[in-house]
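Going by my numbering, the residue at position 89 of the sequence shown is 89; the numbering climbs one at a time, nothing skipped.
Ideal Cβ placement from N, Cα and C applies to all residues, glycine included.
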Amino acid sequence: MNWLKKWVPIAMLAGAPLAYAQNNEAMDSAKQASTAVVLAATPQRGLEEEQIRALQKDLETIHSELAAQRARDDQREQVIGDPNSHPLWP
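Rendered as structure tokens:
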């Protein structure tokens, strides 16, 4: 009988969380809340990254246009020569 008095409170303490939990709704709601917090914080970082990507695309476009303009200027200079070195240029 002594062993029963000793192990019954231990068994009750072990079973108490199971009796208290009853169902998974608390865990599911906590999981959904934490997921919502994470998803709410993510778009700001995603928005900043998206803006950075847009700026990088703009820079790449400007670089390609500048390279094309330089190539056209180089071709023009090869065809007609340097416009600043004309013999009649003052």
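- Secondary structure of Asp82 (DSSP, three-state): coil.
- If you draw a straight line from the Cα of Glu65 to the Cα of Gln56, it is about 14 Å long.
- It is roughly 26 Å from the alpha-carbon of Gln32 to the alpha-carbon of Glu50.
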